[in-house]
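*Asks:* Below you will find the structure I want to go over with you.
Protein chains in written order, with my numbering: chain V, 286 to 683; chain B, 470 to 1555.
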């Protein structure tokens, strides 16, 4: 095996030399780490990672190859991929391609054989930072410069870069079997497979899903939960939604800073109180901003599949999948009509809010993919909200 | 949910002696439970018969009962203690079984005792195969498909429906007898017919075979609020078909996508909820079809298990500690994570390294045992290794086993031998390496072995690296880059030295010169997402080292590595005590060990923990990183002792007895000279380096002789030979055991009493912990022999002689710390057999029996304190001899693994074969012995039939005990010769046929019933049989093995018979009481 030298350079001048895999390329992005022990393929294809160079803390990556069914979108979104050890073999009955070949085909460079734990500790202590990764340039100083001159996440509208440009529908036929089996085997709240399939045949509610960087698992679970889903571009307006005969609005996850997504915030303000709203991740932050809350950048974000969250209404702990660098300021919630529903037990950050009878959202990823299935009740709840919804006037503090 | 205030006193049940399948992991979990419960303010009562455990140290519970873990004894404890609750989920299967018995018999209810952790209904659902299947099916979980059949035709139809291969399991047959895998109808007819015959209800289960599927385990925890977390996923490298305790396993799972892993996680939680385990830890095992991905549930343990201990060590998540907190009412989010302090326990650990566990077998002890691994566990211990990659962890694991392996590199396997890879044995993974090294492809090897190709590929990387190194020629030609890559794949300096035909020192010096030294990373439960407070480290070759420097005086304690026969929990106990004592004395304590089952590898036992192999390279690396003031090598058994000389040569400061003094005691030639100088009596002996020399020595000293290699552990390859032919056979077959060391020939003192003395010498003064008198005579390995404190037949002057000999030897050797000396006492003559200037196996037993913590005292002495200092601190009592002033008797009995190895002869001899030990304590010797036997699982009868058959030399001495048994109301049966002697002495006895008089066949009118038939039928309650010879297929052999199979107690020495008769008498006449150790120790008058 020939070894390609590769370098990861951080804006503070720290460099890591390792071996390249995937594409022969040079990229910049925000360096971050993800502590999920499974699901590298879902991470790669999650649009929320757009513009990021992602390091996996789990050390053996690529073992099960890649397959089309597990993709969270049509392509990988990470700018670059960082691992300790890249597998030279893929071993899974579902594998269709090796990870290095897949990334090569998709133009994404990777670096292996670096001390990923050192990188993680560095980012944990100093905070997320810009970085450059190259499998072609053997000049660390040049890469440090590139990292320093690359764009910063804060204030950047990344959702606009990943959203669909055309509206489209997501139907039962498009739901991957994987999502169904996962759902059926899920928590106690999950309906039995038979009932599920029956509901698939008779879509119950028409909802609009605004795509800020939507993951496929969300669509699959919305459809599986009995919704007839139409995906709309991030720039859709409240009027357009109102004219679309929808019974609810779903706000998707997505990359980066919520504040610059002003058009999205405006749209949500327009529909609040008129249609029930459910948001996930960036969608949660946009809902919060629309309600008058504030958001801020976390030092190094939450990215992984083991974060404990307490849901006060259920008095239960959910182990959740998370992927966000920004969060809702808890102090800012009090002055709005919203209240806190979910809290992160590790650091006390806001994980969910609700305006009863109007809207709710969570910071984490109840759709998993990757991650635990503890929180899928939230998809069921959307049906309940639509069921009981009464239009109202919502106070929005500016 | 907060702590339960309605409970005040909780009874914790331990797991008893170390046996195969149940080792020191339950001491680890028990200790954690006791610590937690007491910290929470509960009064803790504890029952455990194993004195070598930390949990039975008197300070870990309010009332510590070293009593047998049987329903009868635990009932007495409950009646005396009146606990509010019983916690049975931390003491393995033993605790669970006893708790179930107490629940079923109504004892718990009658005494108002609540079972916490898991209820009896849940335990039943998990343990009863039929109920388990029903529960799983109702919960919608997939299981291996199966159906019951009552005729061969029904079995054929069932197999047809399931598809071959199928497993046939007869119902209600003990020990899995009559089951088998069949691949076609003809074989099925035979096996099913046999199974239907064997089954007491004429029923066989025909089950889909899942042999060869991928095997996984999940460790889960659940609290009273129904929060469930998965602590760890574990994947077995060996596919289904090998007991998980005998499998090489990896954490986290390596070959699952997120979809499959999360599906398994959901199933795990559903299993736990369906079984109904309300709080605590459980283990769920799954099989996954490698081509379809179909996942089936195999089994679940509704308690903390061996895998839980592994998962705790692998992740840093203390399952037992948390399980204890959950059992008393807390919920997961109310418990802080010890390692981060910042985050709660309601999370799932993320790990950024790979953990490999490799079992440790001791087949060399049981040459007659079948070495093929299957569904019955055979390993006696395990090593765990941590690396950043699977390859690195695997290689570290292999060198942790102390099999003189320096990595996975093993024998070469040719294409013609590929079939070997499909048979699971101890050496299978090394054979996988051998095949790959020989050029076979990953795909071929994966096909032949059914091991997942991903694992095979990782081993192929190691084989490829070895080739690359060999091709490079010399170390210098390799250069730092290639050597760094090799180190990152886990290559040891030793293996590199073999490749480059140089010394390990040269490899070490060269790579260190290149800056290639290991970095130490931290096990932190969270993949570095949060700051870790706990210094739990492993080595790897990376860029960043995380060890924080400290300027305190440090002591490095070397542990004892994987458990094996001859070196078990006793040595871990000593290391843990050293850590406690030296921490209290102001040292920063550092533990180095690789055994995940132990208390020593708990991250809060020492100030720092290094989970590393116990090799020169790995120890030196830690020494160079930490620069300790001293290293303790005499508490961890032979493992650290073997390293002492090399460490001292490298300039490492050794605390306590010098390595040269250790060598002087262990090298029989040097030790013989020392005894001669001191004019101490010892059996005549000599050293032989050839058959001729051995013959000459034997002629000069006379037969019988005790022969053994000069360096011994657990009596390995030790034998008593009675004439020249046996001596020659021994020399030819065993002399190559250790080519560097010659064979020792000692005159064997027949009929002598063996005595052990455990003592501490500080350079000026001797403290004798105790003199222990063995029940079995000299010639039975001391580890297999029952022994008694205080000695029951020695006079005060003999004890004095023993003490003065011990002092003379300790002083002459320059011992600082522990010394164990074995003596043979025959008449008035006390002879020195051997001396070991280190912790002995009996240190914990003596500490429990006398209340003086010998290992703590020794650790302090090694670190510079004098016995006078420690007397002033009240750690050492006044007086020179520890067993004086003890009003009670403590008996230690060995526990043998024979039921695991069908066909292995049970006769005791100079080769140690026991896996563990128990203690019986009582004011009365007979009852103390009876309790020890009960603790060891021997059910001494109080009525019924006793079979007696002894060798000619014992025929005179058998009369008295036989008569006593008759007087106590037993019926006696004997074979011809013995019966004749008894009849002449007026003892009524019935004669029964010998086996050797008959052809092997089922009983028939032509073949009268013999003793083996009677044992099999359960018509005999106790067997006394002293052997004529060893190994041959004699009557005695058949009688003894039949007793083991039938679970009938079988005594094989006359001394054992005397003790057993006393015990039976005490059981019949005496009122058997239970008392806590604390009460016994309070009565010691010094």
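Note that CB positions come from ideal geometry on N, CA and C, so glycine has one too.
Computed from a predicted structure; not experimentally measured.
At which residues does the alpha helix (DSSP H) containing residue 664 of chain B begin and terminate?
*Replies:* Unbroken alpha helix (DSSP H) run through residue 664 of chain B: 654-667.
*Asks:* Under a CB-based cut-off of 9 angstroms, is residue 385 of chain V close to chain B?
*Replies:* No, no contact with chain B.
*Asks:* With 16 other CB atoms within 10 Å as the buried threshold, where does residue 477 of chain B fall?
*Replies:* Exposed, since its Cβ has fewer than 16 Cβ neighbours within 10 Å.
*Asks:* Between residue 658 of chain V and chain B, is the shortest Cβ-Cβ distance under 9 angstroms, so that the two count as touching?
*Replies:* Closer than 9 angstroms to some Cβ of chain B, the Cβ of residue 658 of chain V qualifies, so yes.
*Asks:* Within this structure, are the beta carbons of residue 565 of chain B and residue 499 of chain B separated by less than 9 angstroms?
*Replies:* Against a cut-off of 9 angstroms, the Cβ pair of residue 499 of chain B and residue 565 of chain B comes out as no contact.
*Asks:* With a cut-off of 9 angstroms, does the C-beta of residue 726 of chain B fall near any C-beta of chain V?
*Replies:* At least one chain V Cβ lies under 9 angstroms of residue 726 of chain B.
*Asks:* Residue range of the alpha helix (DSSP H) that residue 337 of chain V falls in?
*Replies:* Element bounds for residue 337 of chain V: not the alpha helix (DSSP H) but the beta strand (DSSP E), 337-341.
*Asks:* So residue 811 of chain B is in the beta strand (DSSP E); what residue range does that whole segment cover?
*Replies:* It is not in any beta strand (DSSP E) - residue 811 of chain B carries neither H nor E in the DSSP assignment.
*Asks:* Below 8 angstroms, can you find three or more Cβ-Cβ pairs linking the region 1097-1109 of chain B to the region 1037-1047 of chain B?
*Replies:* Taking 8 angstroms as the limit for Cβ pairs, the verdict is that the region 1037-1047 of chain B does touch the region 1097-1109 of chain B.
*Asks:* Please list, in chain order, the residues of the region 815-849 of chain B that have any C-beta partner in chain V closer than 8 angstroms.
*Replies:* Residues passing the 8 angstroms Cβ filter: 815, 816, 817, 818, 819, 820, 821, 822, 823.
*Asks:* For residue 869 of chain B and residue 1063 of chain B, which I take to be in contact (beta-carbon distance under 8 angstroms), what is that distance rounded to the nearest angstrom?
*Replies:* That pair is a contact at about 4 angstroms.
*Asks:* Quick one: is residue 557 of chain V near chain B, going by C-beta distance under 9 angstroms?
*Replies:* Not closer than 9 angstroms to any Cβ of chain B, the Cβ of residue 557 of chain V fails to qualify, so no.
*Asks:* Quick check: the Cα distance between residue 1347 of chain B and residue 1555 of chain B, rounded to an integer number of angstroms?
*Replies:* Those two C-alpha atoms are separated by around 7 angstroms.
*Asks:* Quick one: measure Cβ to Cβ for residue 309 of chain V and residue 420 of chain V, integer angstroms, because I've assumed they're closer than 8 angstroms.
*Replies:* The pair is a contact, with the Cβ atoms about 5 angstroms apart (cut-off 8 angstroms).
*Asks:* Just verifying my parser: in three-state terms, what is the DSSP assignment at residue 1072 of chain B?
*Replies:* Correct three-state label for residue 1072 of chain B: coil.
*Asks:* At a cut of 8 angstroms, does the region 1063-1077 of chain B reach the region 1344-1364 of chain B through at least three beta carbon pairs?
*Replies:* These segments do not touch.
*Asks:* Assign residue 588 of chain V to one of two classes, buried (16 or more other C-beta atoms within 10 Å of its C-beta) or exposed (fewer than that).
*Replies:* Classification for residue 588 of chain V: buried.
*Asks:* Count the C-beta pairs between the region 674-693 of chain B and the region 617-631 of chain B that are closer than 8 angstroms, then say yes if the count reaches three, no if not.
*Replies:* Yes: at least three Cβ pairs fall under 8 angstroms.
*Asks:* Residue 649 of chain V by DSSP, collapsed to three states: which one?
*Replies:* The answer is coil: DSSP assigns residue 649 of chain V none of H, G, I, E or B.
*Asks:* Counting only C-beta atoms, is residue 342 of chain V closer than 9 angstroms to chain B at any point?
*Replies:* Yes - at least one Cβ of chain B is within 9 angstroms of the one on residue 342 of chain V.
*Asks:* Let me know the beta strand (DSSP E) ranges lying completely inside the region 607-673 of chain V, each 3 residues or longer, listed in chain order.
*Replies:* If we require 3 residues or more, the beta strand (DSSP E) runs fully inside the region 607-673 of chain V come out as 624-629, 635-640, 644-647.
*Asks:* Report the neighbours of residue 591 of chain B on chain V: residues whose CB is nearer than 8 angstroms to its CB, in chain order.
*Replies:* Under the 8 angstroms cutoff, chain V gives no residues; its nearest Cβ is about 17 angstroms from residue 591 of chain B.
*Asks:* Measuring alpha carbon to alpha carbon, tell me which residue in V:291, V:579, V:295 is nearest residue 307 of chain V.
*Replies:* Among V:291, V:579, V:295, the Cα nearest to that of residue 307 of chain V is on V:291.
*Asks:* Mind checking residue 437 of chain V: buried by the 16 CB within 10 Å criterion, or exposed?
*Replies:* Exposed, because fewer than 16 other Cβ atoms sit within 10 Å of the Cβ of residue 437 of chain V.
*Asks:* List the residues that DSSP assigns as beta-bridge partners of residue 1062 of chain B.
*Replies:* Paired residue(s): B:1080.
*Asks:* How about residue 311 of chain V and residue 417 of chain V: are their beta carbons less than 9 angstroms apart?
*Replies:* Closer than 9 angstroms, so yes.
*Asks:* Under 9 angstroms between C-beta atoms, does residue 414 of chain V make it to chain B?
*Replies:* Chain B contact via Cβ: absent.
*Asks:* Our contact map puts residue 558 of chain V next to residue 678 of chain V with C-beta atoms below 8 angstroms; I'd like the distance itself, whole angstroms only.
*Replies:* So it is a contact: roughly 6 angstroms between Cβ atoms.
*Asks:* Using C-beta distances below 7 angstroms, list every residue in its chain close to residue 297 of chain V, excluding the 5 sequence neighbours before and after it, in chain order.
*Replies:* Excluding positions up to five away in sequence, the list reads 411, 414.
*Asks:* Going along the chain, which residues of its own chain have a beta-carbon closer than 6 angstroms to the beta-carbon of residue 1078 of chain B, five neighbours each way excluded?
*Replies:* Here the set comprises 1005, 1060, 1072.
*Asks:* Output, in sequence order along the chain, the residues in the region 912-932 of chain B whose CB is closer than 9 angstroms to any CB in chain D.
*Replies:* Absent here is chain D; the protein component of the structure consists of chains V and B.
*Asks:* I'd like to check one pair, residue 1308 of chain B with residue 1287 of chain B: are the Cβ atoms closer than 9 angstroms?
*Replies:* In contact: residue 1287 of chain B and residue 1308 of chain B (Cβ atoms closer than 9 angstroms).
*Asks:* Which one or two residues does DSSP pair with residue 1228 of chain B in a beta bridge?
*Replies:* According to DSSP, residue 1228 of chain B bridges with B:1237, B:1288.
*Asks:* Counting only the same chain and skipping the five closest in sequence on each side, list residues whose C-beta sits under 7 angstroms from that of residue 622 of chain B.
*Replies:* No residues qualify anywhere along the chain.
*Asks:* Which bits of chain B does residue 636 of chain V rub up against, with CB to CB less than 9 angstroms?
*Replies:* The premise fails here: residue 636 of chain V is roughly 13 angstroms from chain B at the closest Cβ pair, so nothing lies under 9 angstroms.
*Asks:* Residue 538 of chain V lies in the alpha helix (DSSP H); which residues open and close that run?
*Replies:* Looking at the DSSP string, residue 538 of chain V is not in any alpha helix (DSSP H), and its letter there is neither H nor E.
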